[in-house]
Amino acid sequence: MEKVAIVGVAQTPYQRNSPSSHDELAFEVTTKALKDAGLSIEDIDNTVTCTNDFWDGRTISCMTITDATGSSRVPTTNVEGDGTYGVLMGMMRILSGHFRTTLVVSQSKGSIGIPGLITNAIFDPLHERILGLDAINSAALQAREYMSKYGITEAQCARVSVKNHKNAKNNPYAQLPLDITVEDVLRSRMLADPIKLLDTSPISDGACAVILTGESGARKGPKKPVWVKGVGHCSDTYHLGDRDLSDVGVLQAAAKKAYAMAGIQNPAKEIHLAEVYDAFSYMELMWTEGLGLCDRGEGGTLIESGRTEMGGSLPVNPSGGVLSAHPVLVAGLARIAEAVLQLRGEADARQVQGAKVALAHGIEGACGQGHCVFVLES
Amino acid sequence: MSFQQQEKKSQEFLSINRIVDVPYNYNAGYYVSQYLKALKEDRRILGVKCPNCGKVYVPPRVVCSQCFVKNTEFVPVSDRGVVTAYTLVIVPYTNPNTGEPKKLPFTCAYIRLDGSNSNIMHCLEEQDPKKLRTGMRVQAVFSEHRTGDHFTDIKHFRTIEE
Amino acid sequence: MGTRTAVVGVGQTHHRSKNPECSGHELIAIAVRRALESAGLTMKDIDAIVVGNMDHFESINYVDMWSVLGFGGYMKPVLKVTTGGTTGSAVGHASFYHVASGLFEVVLAIGWEQNSESDTTAAIVTHCEPLIERDFYGGAIGGLASQYSAYMDLYGATEEDAALVSVRDRGNAALYNPYAHLRKAVTLEEVMISPYIAYPLRLLHMCPRTDGACAVIYAAENRAKKISSRPAWVLGVGSSHGATYLGDAINWPGLPSLEKAAQDAYRMAGIRDPFEQIDVAEMYLPAATAGVSWMESMGFCEKGGGPGLIHSGVTNMNGKLPINPSGGVIATNCIGATGLIRIGEAALQVMGKAEKRQVPEAKLAVATGFGGCFWSDVTVLSSQMDIG
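Protein chains in written order, with my numbering: chain A, 1 to 378; chain B, 1001 to 1162; chain C, 2001 to 2388.
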């Protein structure tokens, strides 16, 4: 595969009830990412936007940010899915030889709608929605299956929340930097058993932009390029009842593809840090298994070992993860942006020392029906 | 397929009625907030001027799409302008903003207000197709009771002779 | 440099205004099965899927995940692209990029829509800005209507000119395309007495609302040559999304986004004289009036030359440059699929598989997509890997 690098990143600080409109958020990250890359809008020859009609309350939601992202000037497309899928699309457009530099922008304002209703619409209109399924209670079903199968405890899940909210204290973009204990998590309000308030990501508004370019452009930029070494995406089947919700085979398949492309044989040893999509605390444990950072069923053991803490041998979510800020669709793109900052050595107080190889991961649909995995290297 | 066959088919295969009702609280953002406040408080219509090309856009927005430059200067535009496009809407549909059937007929129009380079959408008082034409001059009619809502603070645009 | 890419299979449903016996999954399944059969492939051969529709017509969130049941995509990479009316063509382009990137060898593009399931106009109206445009938007028709009345003022075009486009496209659908939704021909008189929907657009100038699905299979060069003896090579792609606010787009003469997208696609394909070189065009004309006023944007005639082109008969089936042998969008409009159907139909032409609607010896075809805020996509397909 020819070389594609990420040469510019930008994020807005994530918050609930941002007073800015979608296009204002998108414009902010577009201009900041251009500045970060040392480029002007004329250097962008195509764009990919990631917006979702339900979350935005608008059909053709990409139309809102066409002008603000410079997408009215150049060929553009809109991926309605997690930001990681948008970066994949942006990368393919460069590899096709048709474009040199892609701007990928995602924005989302979870505050404007009712997430429970919006995520209820993920489910089958004829016989699932009426049950009141949404992101949280469907995750609760998955958490229960996973925990029952492998004997994972609520305390082990709580450790993820403690770790990530603490990490968020060093991330100026994060919405929820918190000093909490496992006890605090276990005592927090039950939302849908076994998922409690502090096991859950917040409702967030925000935007993120990433600029990709081919090798020649990458070497000219002011910052150290971060190379995309591998990518894989894969999808499970649709109905929750048709899936083994405790099984991470789909993520494994996506990761396998990414690792093969990147030449990684032993991810647990070769990866220096991972930004994974922890919409709920139990998810980080599951995804570390699916990514091969530990064996199946060993997610709880991994978090207890301390390896995934800051200062450990494989920090997971040094940014604070999705638990600390969850603008939907943007969150996957933010995982990539954070990994880039780490590999550039620009992560300030949350810097993982000597990081050269990172994972960035995004999910799609209910209970991680779809996964997209990136391997990035500096 | 015969009518009888069609009837039989629609009895064999069910069609289930569901309502998807999702309320949204849209943020106007900085630019549209200024616009709506000016409508409500001053009966004034604001646009933004691109610092690069000088084009004036109504409603105000963060960026000039031609220059990709941030707009910073708010300028008032006239409440009078010219109809650049219109259509008389007669086909019934549900207004997604309210969930109610849209009150018909109404004349949807694009209006280029004097001082603006872009067109704003609203409705015209005139509903007789024989009297509607592009190029006709119109003026905003403001409501007495205004709440910062573009659709109701300006009641409609009336035809003026000029 | 990228991988040479071709279309090797096309499948679509028999489009109807309402398909009571099909759920959305089943519509997709029909189109996908037909596409796979046409290429002699199974789902095992598919490396990735790109799917598209417009969410609010069926009110399903994350359709990429939902649609897996329709095409049997368990453990497959799936991604969704949606850009409004141009969704179908955007899905086609995205699938093309999947293959051209070298990352995937055989990719399935799926476009679908069940317009009968909802209040189509209400759903379309939600594409307007909620605080400034939405309450007054009367539907897609208004913009199209006013564009044509401006064209009429400028060049002396008439409603009859547009009516001839309806006669042509509806006639093609009736005679040649068993998949089309509206398969009854119309006469000039019938069009001219049909009621106005929005002056100067009449009912019989307008597209219907349709349930349907389409699937198109893209393959990399080495696979394409094995799968098909005559693949449809993608020689050029172009795309232009010009505006955010409808109020910014409304005054454009002709369709600038189509002109830009077409020029980019032609340049990529090496087309210097589109009217002479192109053998057949499948155009996304949401209304017959577009079939007059957008011809110049395709480079098929001079500015203002639309009426002359239509009257000359060159765009009829037996003419030099047949347009819409399938009947086009005026005969079938399942929005998420429509743009992809144009690509599929154009591909069938150059593959020599267009059955009764085959334009004899068609080697070079162009397919267009339209939607959103007057946005356009263009694809150029050829039976040859390079044109002279």
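Glycine is no exception: its CB is placed at the ideal position from the N, C-alpha and C atoms.
Counterpart residues of C:Asp-2211 in DSSP-defined beta bridges: C:Arg-2016 and C:Gln-2114
Min CB distance C:Ala-2174 to chain B below 9 Å: no
Neighbour list for A:Gln-142 in chain E, Cβ cutoff strictly below 9 Å: The chain labelled as chain E is not found among the protein chains of the depicted structure, namely A, B and C.
Per-residue DSSP class, three states only, for C:Arg-2202: strand
Spatially closest choice to B:Phe-942 from B:Ser-1116, B:Cys-1123 and B:Tyr-1093, by CA coordinates: Absent from the structure is residue 942 of chain B, since the part of chain B shown begins at 1001 and ends at 1162.
Within 8 Å of chain B by C-beta, residues of the region 2055-2074 of chain C in sequence order: Ser-2059
B:Gln-1004, buried or exposed, once every other Cβ within 10 Å from all chains shown has been counted against 16: exposed
At least 3 beta-carbon pairs within less than 8 Å: the region 2183-2194 of chain C vs the region 2065-2078 of chain C: no
Test item: CB-CB of A:Glu-377 and A:Ala-358 under 9 Å: yes
Beta-carbon proximity of A:Thr-66 to A:Ser-72, cut-off 9 Å: yes
Inter-residue Cα distance where the pair is A:Ser-324 and A:Val-29: 19 Å
Supposed close pair A:Lys-32, A:Ala-5 - CB separation, criterion 8 Å: Incorrect: roughly 18 Å between the Cβ atoms, too far for contact.
B:Arg-1158 burial status per 10 Å Cβ neighbour count (16 or more: buried): exposed
CB contact check: C:Phe-2136 to chain B, cutoff 9 Å: yes
DSSP three-state assignment for C:Thr-2121, whether helix, strand or coil: helix
Cross-chain neighbours of A:Tyr-238 in chain C, by beta carbon under 7 Å: Met-2065, Trp-2066, Val-2068 and Leu-2069
Option nearest A:Asp-205 by Cα separation, candidates A:Met-1, A:Val-7 and A:Pro-13: A:Pro-13
Within 7 Å of chain B by C-beta, residues of the region 102-120 of chain A in sequence order: Lys-109, Ile-112, Gly-113, Ile-114, Leu-117 and Ile-118
First and last residue of the uninterrupted alpha helix (DSSP H) at A:Gly-300: 299-305
CA-to-CA distance, C:Ala-2261 to C:Asp-2248, given in whole angstroms: 19 Å
C-beta neighbour in chain B for A:Ile-152, strict 9 Å: no
Pair within 9 Å by beta-carbon distance, A:Lys-109 and A:Ser-18: yes
Contact with chain B by A:Arg-16, beta-carbon distance below 9 Å: no
Listed by chain order, chain C residues near A:Met-92 by CB distance under 7 Å: Tyr-2097, His-2098, Ser-2101 and Leu-2103
From A:Val-48, A:Thr-69 and A:Arg-189, residue whose alpha carbon lies closest to that of A:Met-91: A:Val-48
Per-residue burial, A:Gly-365 [other beta carbons within 10 Å of its own, 16 or more giving buried]: buried
Residues near A:Ala-274 by beta carbon distance below 6 Å, same chain, minus five either side: Val-316 and Leu-359
Own chain partners of A:Leu-240 with C-beta closer than 7 Å, once the 5 adjacent residues on each side are dropped: Ser-138, Leu-141, Ala-366 and Cys-367
Distance, A:Thr-76 Cα to B:Cys-1067 Cα: 18 Å
Secondary structure, beta strand (DSSP E): runs of 3+ residues fully inside the region 71-144 of chain A: 76-78 and 101-109
Any C-beta of chain A under 9 Å from that of B:Pro-1129: no
Cβ-Cβ distance between B:Asp-1021 and B:Gly-1099 below 9 Å: yes
Close-in-space but distant-in-sequence residues of the same chain around C:Asp-2055 (CB under 8 Å, 5 per side omitted): Asn-2061, Val-2063 and Thr-2082
Chain C contact for A:Asp-247 (CB, 9 Å cutoff): no
Beta-bridge partners of C:Ala-2454, as assigned by DSSP: Only positions 2001 to 2388 of chain C appear in this structure, which leaves residue 2454 of chain C out of reach.
Contact list for A:Ile-41 against chain B, beta-carbon separation under 8 Å: Phe-1068
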